[in-house]
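Enquirer: Protein sequences, first through last, are from chains E and R. For the first sequence, numbering that gives the first Met the number 0 begins at 0 and goes up steadily by one. For the second sequence, numbering that gives the first Met the number 0 begins at 0 and goes up steadily by one. Idealized CB from N, CA, C, for every residue including glycine. Computed from a predicted structure; not experimentally measured. I am attaching a structure below and will ask some questions about it afterwards.
Protein chains: 2
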Amino acid sequence: MSIRNTFWVKYQIEAKGEKGAASKARQISIEQSVEMPPEVVPDSSVNNIAQVQSLNMIDSRTWEASILFDTNLVDVDPTQFLNVLFGNISLQPWCRIMDADPSYLSQLLDGPSFGINGIRNLLEIENRSLSCAVIKPIGSSPDELANMAFEFAKGGIDIIKDDHGLTNQKSAPFDSRVKKCVQAIRKGEQLSGKKTLYFPNITTSAIRIIERYQKASEFGADGVLVAPQLVGFETMHELAKLGELPVMAHPTFSGSYVINQSGIDPAFYFGRLTRSFGADAIIYPNAQGRFSFSTSTCKSINQSCQEDLSTIQPSFPAPGGGVKLDTIPDLAEQYGQDIIFLIGGSLYKHPNGLQFAAHQFQKSIDQSA
Amino acid sequence: MSIRNTFWVKYQIEAKGEKGAASKARQISIEQSVEMPPEVVPDSSVNNIAQVQSLNMIDSRTWEASILFDTNLVDVDPTQFLNVLFGNISLQPWCRIMDADPSYLSQLLDGPSFGINGIRNLLEIENRSLSCAVIKPIGSSPDELANMAFEFAKGGIDIIKDDHGLTNQKSAPFDSRVKKCVQAIRKGEQLSGKKTLYFPNITTSAIRIIERYQKASEFGADGVLVAPQLVGFETMHELAKLGELPVMAHPTFSGSYVINQSGIDPAFYFGRLTRSFGADAIIYPNAQGRFSFSTSTCKSINQSCQEDLSTIQPSFPAPGGGVKLDTIPDLAEQYGQDIIFLIGGSLYKHPNGLQFAAHQFQKSIDQSA
C-alpha cells in the first residue's frame, strides 16, 4: 500500500476581496504547520510548510481555501492531528473548518469498532431506526435509576443510556448504578421479549477512564457513553480500539465549536471527525427542539456519519432534543432508518408512566419503518 | 472546616426584555442540573434543581444571571464540574460563562503545584518578568532543536519551551529531543552563568500522557507543556498534582470558547479556570499581534491568574503573539512583573542570530524591571 504524504483541510475564511482571503489562507498554512516566518524556516523543515491548494469565492465576504499539509507534521499521533487541524488558528474569528481529507482520516484513525452494523447485530434489528431513552436525573439513587431502566426495558426501548451528568456522585456511585441497571434491564428484557442495550456514562478524568470502561464491561453493560470534548478525542479513540463495547459520544462542552461562525462545521464535527475518532453512535442537538441547528444541518450530520469513508465504518447519528413521540414519523421519513432517536426528559412527562411511554415510543418507530 | 453545599456560576445572557432573560436563566438552571421538566423531577432530586439567584440587566439586550448549583451535582469529580458549568448549554448561541465561585473552585480543585513563586524559586529570580523562547519548527531534528535551545540558553533566556506542534514525530522523537535539549541547555547555562528552564511538549493521548510526563522528569526537563483542550482539563489537573514539574498550558484548540460572544469569558477561561485546573503558567494570545484580544482583555486575564484565590496559588500569565523586543518595555509597564513574555517566531528573524536575539530579549526584560 502506498503511503499518502499529504492531506487536505478545507477552511472557510471571511475576508474582503481575494487578496485579503489569499493572505488569510497563507496565514493558516503557516500558523498550522511551521508557525514561524517562512523566510527563517530551516532547510530541514521547508517541505513542512503547508500549501494553499485552492481558494474559491463563495460570496463577496466568504472564501473556501483548501490547504495541503505534509503528513510528517502529524506522523502517527491523533491528538497532534487535531492540533494541526485547528490549533492556534482556532483563535481567529474569521476561520471555520469545513472538512478534512477522508482518505487521510481513514489512514490515521481507526473509526468505530462496531458502527451501525455492529450495534444492529447486538440488537438483532436490521431494518428500522432505533430508540434511545435516558435514565435521570442526578440525585436519583441506583435503585431509582434501575427502576426507570426496568420500565424502559419492559416497554421495549432499544438503548438506555445514563444521563451525561451521572458520573460517580454519592447519590448513585458508578459501580452500584451500573450493576443495578444491568440487572434491571436484563429482567426487563425477559418481560419485553426483546433486547435492550445499556450504555452507562464513563466520562471522568481521561487518566482513569479505562478503568471505568473495563468495569462497565465486567458489570455486563452493553456500551459506554463518553464526552470527547471533556476527555480528549484521542481518549475516545483509544477506548474504541479496545473493541469490547460500542461507544456513544455526547456533545457536552462542544457547543462553542459548532454554533459559531468561526469554529468547526457541525456536519464535519459530529460526522467525519467524531466518527473517525471511534464513536459508534453520535449524539447531536436536533432541529425543532431547544437547540439551534436547522433540519438541513441535521441531515448533513447524518450523511457525514453514514457515507462511505474507506476503512472507517459508518456511525449511528443520534439526534436528541426536539424528538417527540408525535414528531418521529416525520423525522423518520426525513432522516431514514440508520438513526437512533433519543428522547430525554419528555418521556418522563407521559401521564401513563415510563413503560407505557417507552412502548409508545417504540411503536412510533416500528410504524415508521 | 464547614463544607459548602452550593456554588454559583455567572452567565451572560442575550435576550430581549426581562421576561425573556428570566426564562433563559431558568433554562440554564434546569439544563445544567436535572435536565428534565421540573414537574417530573423525583423527590430525591428536587434539591438538585439549580436556582437563579439574581438577574441583572447590563444593557437592553444583555443580562447577567447568577445561578446557584448544589455541590452534589458534581460531588468530587473535576470533569463533571465542567459538564455542569458548560454542558448542553454550550450549544446555545445566547449564553456565555463569565465567572464561577472562587471559594468552590478552591474547594474542588488543587490549582498549580508550583505557581508564580515556585517557578521563581526554580529560576532564583525574584523581581522581574520572565522571558520564554520557543524551539521550532516541526521537521527540525533533535540536534537542530538542541542547537537552538543551546543558543537561547547561552543568550540567557529564562524558559525555553517546545513548539506545541512537536510531539513524537519521526523527525524529532520525544525521547531523543528531550534528552538532547536538556543537555544543550545545561551546557548553555554554564556559559550564560544563569539558570534556564526547559518545558518539552508532552501533549498526546491522555491515556499515555503520564508516561511522557515521567520521562520528561527522568530526562531532566524542568517543566512540561500541555494543551488542556486536547487532553482534557482534568488530565492537566492530575499531571499538576504529581508535583514534580511545573505545567505550562497552551491555548491550541481553545479559540472557539474565547473569541465568540457565546462561549467562555477569556479572563475566566485563561485565568481562574485554567489556573484552578493546575497550570503554573498559562499561555494566551496577546493583544497587538495576530490575535484579536484587546489590551484590556489581556489585563483581565493577568489579574485572574494572579489575584487571591484562597488555597489556589497564582499562575504566571504568559502572553504570546504581539510580544516583540521593542514592545516589551511598554508591555512590562502595563502588565507588571509577574508575567512570562513569550516570543516565538520573531526571534528567529534577528539578523545577528539566536544567541544575540535572546540576549537582547533578556536585556529588554532586565531594563523594564
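For A266/E, which three-state DSSP category applies?
Expert: helix
Enquirer: Grab me the residues of W93/R's own chain with a C-beta within less than 7 Å of its C-beta, minus the 5 sequence neighbours each way, in chain order.
Expert: I12, E13, A14, K23 and S261
Enquirer: When the Cα atoms are used, what is the spatial distance from L272/R to E306/R?
Expert: 13 Å
Enquirer: Is the distance from the Cβ of G319/E to the Cβ of L341/E below 8 Å?
Expert: yes
Enquirer: Quick one: what does DSSP say M235/E is sitting in, helix, strand or coil?
Expert: helix
Enquirer: For the candidate residues I338/R, F355/R and L224/R, whose alpha-carbon lies nearest to that of L346/R?
Expert: F355/R
Enquirer: Using DSSP's beta-bridge definition, name the partner residues of Y10/R.
Expert: A64/R and I96/R, per the DSSP bridge assignment.
Enquirer: With a Cβ-Cβ cutoff of 8 Å, do S303/R and A280/R count as a contact?
Expert: For S303/R and A280/R, no; Cβs fall outside 8 Å.
Enquirer: Going by alpha carbons, who is nearest to F290/R out of A171/E, T70/E and Q91/E?
Expert: Q91/E
Enquirer: Going by CA-CA distance only, name the one from I263/E, S275/E, V257/E and I184/E that's closest to N285/E.
Expert: Proximity to N285/E across I263/E, S275/E, V257/E and I184/E peaks at V257/E, based on C-alpha coordinates.
Enquirer: Can you list, in chain order, the residues of its chain with a C-beta nearer than 6 Å to that of I200/R? Leave out the 5 residues immediately preceding and following it.
Expert: According to the sequence as given, residue 200/R is Asn; it is not Ile. Correct list, in chain order: D161, H163, L165 and L224.
Enquirer: Keeping to the same chain, check which residues put their C-beta closer than 7 Å to that of L72/R; ignore five residues upstream and five downstream.
Expert: So the list reads S32, N47 and V83, once near-sequence residues are dropped.
Enquirer: Can you pull the DSSP bridge partners for I129/R?
Expert: For the record, residue 129/R in the displayed sequence is Leu; it is not Ile. Note: L129/R sits in a beta bridge opposite I339/R.
Enquirer: Excluding five sequence neighbours on each side, which residues of the same chain lie with their C-beta closer than 6 Å to the C-beta of Q361/R?
Expert: S130 and G155
Enquirer: So, using beta-carbon positions, are L104/R and P77/R closer together than 8 Å?
Expert: no
Enquirer: According to a CB-to-CB cut-off of less than 7 Å, which residues of the segment 254-267 of chain R neighbour chain E?
Expert: G254, S255, Y256, I258, N259, S261 and G262
Enquirer: Which residues of chain E have a Cβ atom closer than 7 Å to the Cβ of S139/R, listed in chain order?
Expert: P41, S43 and S44
Enquirer: What's the gap between the Cα of M0/E and the Cα of K194/E?
Expert: Any answer about M0/E is weak, because its pLDDT of 38 lies below 50 and its placement is not dependable; what the coordinates show is given next. Spanning the two alpha carbons is a distance of roughly 41 Å.
Enquirer: I want to verify the contact list: residues of chain R whose CB lies under 7 Å from the CB of K9/E, in sequence order.
Expert: Those within 7 Å of K9/E in chain R number zero; the least Cβ separation is about 17 Å.
Enquirer: Can you tell me the Cα-Cα spacing of F173/E and V230/E, whole angstroms?
Expert: 17 Å
Enquirer: Quick one: which chain C residues come within Cβ less than 9 Å of K15/R?
Expert: This model lacks chain C altogether, as its protein chains are E and R.
Enquirer: Could you name the residues that DSSP lists as bridge partners for Y197/R?
Expert: According to DSSP, Y197/R bridges with I159/R.
Enquirer: At the level of alpha carbons, what is the spacing between L308/E and P101/E?
Expert: 6 Å
Enquirer: Once you ignore the five residues that flank Q366/E on each side, which residues in its own chain have a CB closer than 8 Å to its CB?
Expert: P328
Enquirer: At a Cβ threshold of 8 Å, is S89/E touching chain R?
Expert: Judged by the 8 Å Cβ criterion, S89/E is in contact with chain R.
Enquirer: Starting from G110/E and walking both ways along the beta strand (DSSP E), at which residues does that stretch end?
Expert: Element bounds for G110/E: n/a, residue is neither H nor E.
Enquirer: Once you ignore the five residues that flank A317/R on each side, which residues in its own chain have a CB closer than 8 Å to its CB?
Expert: C131, M247, A280, I281, I282, Y283, I338, I339, F340 and L341
Enquirer: For the structure I just gave you, are there three or more beta carbon pairs, one from the segment 136-143 of chain E and one from the segment 33-47 of chain R, closer than 8 Å?
Expert: yes
Enquirer: Based on DSSP bridge pairs, tell me the residues matched to Y283/E.
Expert: P318/E
Enquirer: What number of angstroms, rounded off, separates the C-alpha of I96/R from the C-alpha of L67/R?
Expert: 14 Å
Enquirer: Going along chain R, which residues have a C-beta under 9 Å from G270/E?
Expert: Within 9 Å Cβ-Cβ: nothing; G270/E doesn't reach chain R, min ~16 Å.
Enquirer: Let me confirm a value: I158/R is counted as buried when at least 16 other C-beta atoms fall within 10 Å, else exposed. Which label applies?
Expert: buried
Enquirer: Does N351/E get closer than 8 Å to chain R when you measure Cβ to Cβ?
Expert: Chain R contact via Cβ: absent.
Enquirer: Who are the near neighbours of T188/R in its chain, counting only those whose CB is closer than 7 Å to its CB and skipping five residues on each side?
Expert: One detail in the question is off: residue 188/R reads as Glu in this sequence, not Thr. Cβ neighbours of E188/R beyond the five flanking positions: A152, K194 and T195.
Enquirer: Have a look at the DSSP bridge pairing and note the partners of V377/R.
Expert: Nothing about residue 377/R can be reported from this structure: the residues present for chain R run from 0 to 368 only.
Enquirer: By the three-class DSSP mapping on this structure, what secondary structure does I410/R have?
Expert: The structure shown has nothing for residue 410/R, since chain R only spans 0 to 368.
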